[in-house]
């Protein structure tokens, strides 16, 4: 199915070729670029069809980025690269615990006592 759809996309949005004798690259249309990228990464794009652990959207990734963007918007920036890295580490750890249905408050208490719960590996 996807092969046919991509073939139709390539037919209706062909690659622009440079004029004969020209060595410059020709800017391609966004539609052509999308079709080319989908053809190149077809297996990754369609992985959700064969592996039910893979969601068909990236909403979770977008949700994970919402808090750092909100913090950046409110404060204007992170005060240092180290502060940004520390913030990202803590947010990533908490996000992983939440995705694995581990209660955050007890997990934080254990962490501050020196016995942090380790998220399970996939």
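Residue numbers (the UniProt record's numbering): 1 to 122.
The beta-carbon is built from N, C-alpha and C at its ideal position, and this holds for glycine as well.
Since the model is a prediction, treat every value here as computed from it, not as a measurement.
Taken atom to atom, the span from the alpha-carbon of residue 97 to that of residue 77 is near 26 Å. Short of 7 Å from the beta carbon of residue 13, and not among the five residues preceding or following it, lie these beta carbons of its own chain, in chain order: 29, 31, 32, 35.
Here the C-alpha atom of residue 16 lies approximately 12 Å from the C-alpha atom of residue 24. In chain order, 16 place their CB closer than 8 Å to the CB of residue 27, counting only its own chain and leaving out the 5 sequence neighbours on each side. Take residue 38, set aside five residues on each side of it, and the residues of its chain with a beta-carbon closer than 7 Å to its own are 6, 45, in chain order.
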